[in-house]
Amino acid sequence: MKTKLKVPFIDFKGQYASVRGPLLKAVGRVFDSQQFILKSEVAALESEVAHKAGAKHAIGVASGSDALYLSLLAFGIGPGDEVLTVPFTFFATAGAIHRTGAKPVLVDIDSKTFNIDPSLIEKKITSRTKAIIPVHLFGLPCDMSAIHAIARKHRLKIIEDAAQSFGALYKGKHTGALSDAGCLSFFPTKNLGGAGDGGMVLTSDDAAADKIRILRVHGSKEKYFHDVVGINSRLDEIQAAVVRVKLKNMDRWNAARRKIAAEYDQGLKNLPLQTPFIPKDAQPIYHLYSVLTERRDELASFLVKQGVGSGIYYPLCLHLQVCFKGLRYRKNDFPVSEEASRKVLSLPLYPELSDGQRALVIRSVRAFFHA
Ligand SMILES: *Cc1c(COP(=O)(O)O)cnc(C)c1O
Numbered sequence: 052m053k054t055k056l057k058v059p060f061i062d063f064k065g066q067y068a069s070v071r072g073p074l075l076k077a078v079g080r081v082f083d084s085q086q087f088i089l090k091s092e093v094a095a096l097e098s099e100v101a102h103k104a105g106a107k108h109a110i111g112v113a114s115g116s117d118a119l120y121l122s123l124l125a126f127g128i129g130p131g132d133e134v135l136t137v138p139f140t141f142f143a144t145a146g147a148i149h150r151t152g153a154k155p156v157l158v159d160i161d162s163k164t165f166n167i168d169p170s171l172i173e174k175k176i177t178s179r180t181k182a183i184i185p186v187h188l189f190g191l192p193c194d195m196s197a198i199h200a201i202a203r204k205h206r207l208k209i210i211e212d213a214a215q216s217f218g219a220l221y222k223g224k225h226t227g228a229l230s231d232a233g234c235l236s237f238f239p240t241k242n243l244g245g246a247g248d249g250g251m252v253l254t255s256d257d258a259a260a261d262k263i264r265i266l267r268v269h270g271s272k273e274k275y276f277h278d279v280v281g282i283n284s285r286l287d288e289i290q291a292a293v294v295r296v297k298l299k300n301m302d303r304w305n306a307a308r309r310k311i312a313a314e315y316d317q318g319l320k321n322l323p324l325q326t327p328f329i330p331k332d333a334q335p336i337y338h339l340y341s342v343l344t345e346r347r348d349e350l351a352s353f354l355v356k357q358g359v360g361s362g363i364y365y366p367l368c369l370h371l372q373v374c375f376k377g378l379r380y381r382k383n384d385f386p387v388s389e390e391a392s393r394k395v396l397s398l399p400l401y402p403e404l405s406d407g408q409r410a411l412v413i414r415s416v417r418a419f420f421h422a
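Structure (structure tokens):
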């Protein structure tokens, strides 16, 4: 039997309670209209997200994974091409590259930020390299100035994986809208989550936006006429209606996440534990509050005994996944990523955590280290 934790790692009940009225009203509106696919709610969400992010276009699709896949297709990436990304990310980043027929080429991360290490990128560029997918992992913006400089020099496209970072800012601008394209996920656990799957591509490139709009409906511009083969990847009206309600609250929720993170930073000082690092140009949103410790598994078990949940993102790097054997990477190819996957632990962080819950998290971690 599972015992109920005093601080579950994830708990959406509080957030739901805070927006239950408007959410049910929005969903009711969709049912009353009996319009379920790519209608007014999706169009409204697209314009609200584009406006919020400062992007010219936002295109709703079925998931964050498809947002990545369709962005790559829109830039003509496919068999014979190489796309750079990191081994320490959610599977979808590399999965999307693989689905196009292109080859994911991996670059190790920076040990402090968990994001792509720009100093290692150029070594991996070949004549086949077409794009870079930097992942703003855990809601922390990548070093985009360095990445842009490399991309400009080698004429590479940049597609930001902003699935964990919507609302996070880099030099005051929205992650996801800093490059050729950016991809959002509305998966329920993301900081702007729907009630199912959903995603969005942000871009200010008119041609790419046109292509993605066509590709998401089986490659047809005019219904039943297909110039290219696309896929079925549409955002539905119910998801869009839900995400619109959440979007109105996103800044408030992200501010609360930052405040809790600052409280954890303060409370977890002077322990043999690496807490999140914030580069000077970055304003993160802490999709996850991840720490590094040699004694990760022991700490996780100890926390459970205190009633505190935790999570491991991600326990196995992408280059060591069975499905990517064909890429011919080996253990120790990406030492920083591998170390992170051994030592990383994410603590509960969501806006609705009570004073008592936050104090228990801090007290429990300190107790583990006898501090
Ligand atoms: C969640 C996530 C995705 C995929 O989004 P889905 O909507 O689940 O398909 C891609 N990249 C990262 C880094 C993610 O966290």
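Numbering-wise, the sequence shown is residues 52 to 422 according to our numbering. Note that the Cβ used here is the ideal one computed from N, Cα and C, for glycine as well. Since this is a predicted model, take the numbers as computed values, not measurements.
Per-residue DSSP class, three states only, for residue i
| i | result |
| --- | --- |
| Pro155 | strand |
| Lys331 | coil |
| Thr144 | helix |
| His102 | helix |
| Ser114 | coil |
| Gln325 | strand |
| Gly65 | helix |
| Gly249 | coil |
| Val359 | strand |
| Tyr365 | coil |
| Met52 | Its pLDDT being 47, under 50, Met52 is placed unreliably by the model, and nothing is read from it. |
| Gly270 | coil |
| Lys57 | coil |
| Gly190 | helix |
| Asn300 | helix |
| Glu390 | helix |
| Ala312 | helix |
| Ala410 | helix |
| Ala422 | coil |
| Lys204 | helix |
| Ser415 | helix |
| Gly281 | coil |
| Ile336 | coil |
| Gly244 | coil |
| Gly127 | coil |
| Asp161 | coil |
| Asp348 | helix |
| Leu396 | strand |
| Ile88 | strand |
| Ile167 | strand |
| Ile343 | A small fix is needed here, since residue 343 is Leu in this sequence, not Ile. Three-state DSSP puts Leu343 in a strand. |
| Lys175 | helix |
Closest by C-alpha distance to residue i, when choosing among the options
| i | options | result |
| --- | --- | --- |
| Leu123 | Gln408, Met195, Ala260 | Ala260 |
| Leu191 | Leu371, Gly362, Tyr337 | Tyr337 |
| Lys181 | Ala202, Met195, Phe165 | Ala202 |
| Arg285 | Glu92, Asp62, Arg71 | Glu92 |
| Val58 | Gln408, Phe419, His421, Gly362 | Gln408 |
| Arg393 | Ser361, Val416, Leu343, Gln357 | Leu343 |
| Cys193 | Ile172, Ala200, Phe165 | Phe165 |
| Lys64 | Gly249, Pro239, Val373, Leu350 | Pro239 |
| Thr144 | Gly152, Ile160, Gly115, Ala125 | Gly115 |
| Ile263 | Asn283, Leu339, Ala68 | Asn283 |
| Ser415 | Asp384, Val395, Ser361, Pro386 | Ser361 |
| Gln215 | Asp168, Leu243, Lys204, Gly281 | Leu243 |
| Gly131 | Ala147, Leu121, Gln290, Gly152 | Gly152 |
| Val359 | Ser69, Met251, Lys331, Ile413 | Ile413 |
Residue i - partner residues in DSSP beta bridges
| i | result |
| --- | --- |
| Thr180 | Glu133 |
| His225 | Leu220 |
| His423 | Here the chain has residues from 52 to 422 only, and residue 423 is not among them. |
| Phe276 | Glu273 |
| Lys382 | Lys382 pairs with nothing; no bridge assigned. |
| Thr254 | His108 |
| Asp212 | Val186, Cys234 |
Residue i at chain D interface by Cβ criterion, 9 Å
| i | result |
| --- | --- |
| Asp248 | The structure shown contains no chain D, having only a single protein chain. |
Residue i Cβ short of 8 Å to ligand 3 heavy atom set
| i | result |
| --- | --- |
| Ser114 | Inclusion of ligand 3 in the displayed structure is not the case, the ligand content consisting of ligand 1 alone. |
Is it the case that the region 294 to 310 contacts the region 166 to 181, given that we only count it when at least three CB pairs across the two stretches are under 8 Å? In short, these stretches do not touch, since the Cβ pair count stays below three.
Across the region 105 to 113 and the region 252 to 259, are there enough close Cβ pairs to call them in contact, namely three or more that are closer than 8 Å? Contact between the region 105 to 113 and the region 252 to 259 is present, because at least three Cβ pairs lie under 8 Å.
Say whether the region 136 to 148 touches the region 363 to 371, bearing in mind that this needs 3 or more beta-carbon pairs closer than 8 Å, one atom from each stretch. With the cut-off at 8 Å, the region 136 to 148 and the region 363 to 371 touch.
At least 3 beta-carbon pairs within less than 8 Å: the region 389 to 404 vs the region 304 to 321: Result yes; three or more Cβ-Cβ pairs closer than 8 Å.
Given 8 Å, three or more beta-carbon pairs between the region 92 to 105 and the region 222 to 235: Yes, they touch.
How do the region 204 to 211 and the region 230 to 237 stand: do at least 3 beta-carbon pairs fall below 8 Å, yes or no? Touching, per the Cβ criterion.
Assess, as a yes-or-no matter, whether the region 316 to 331 is touched by the region 411 to 419 under the definition of 3 or more beta carbon pairs within less than 8 Å. The answer is yes - the region 316 to 331 touches the region 411 to 419, with three or more Cβ pairs under 8 Å.
Contact the region 149 to 164 vs the region 267 to 286: 3+ CB pairs below 8 Å: No: the two stretches stay apart, fewer than three of their Cβ pairs being nearer than 8 Å.
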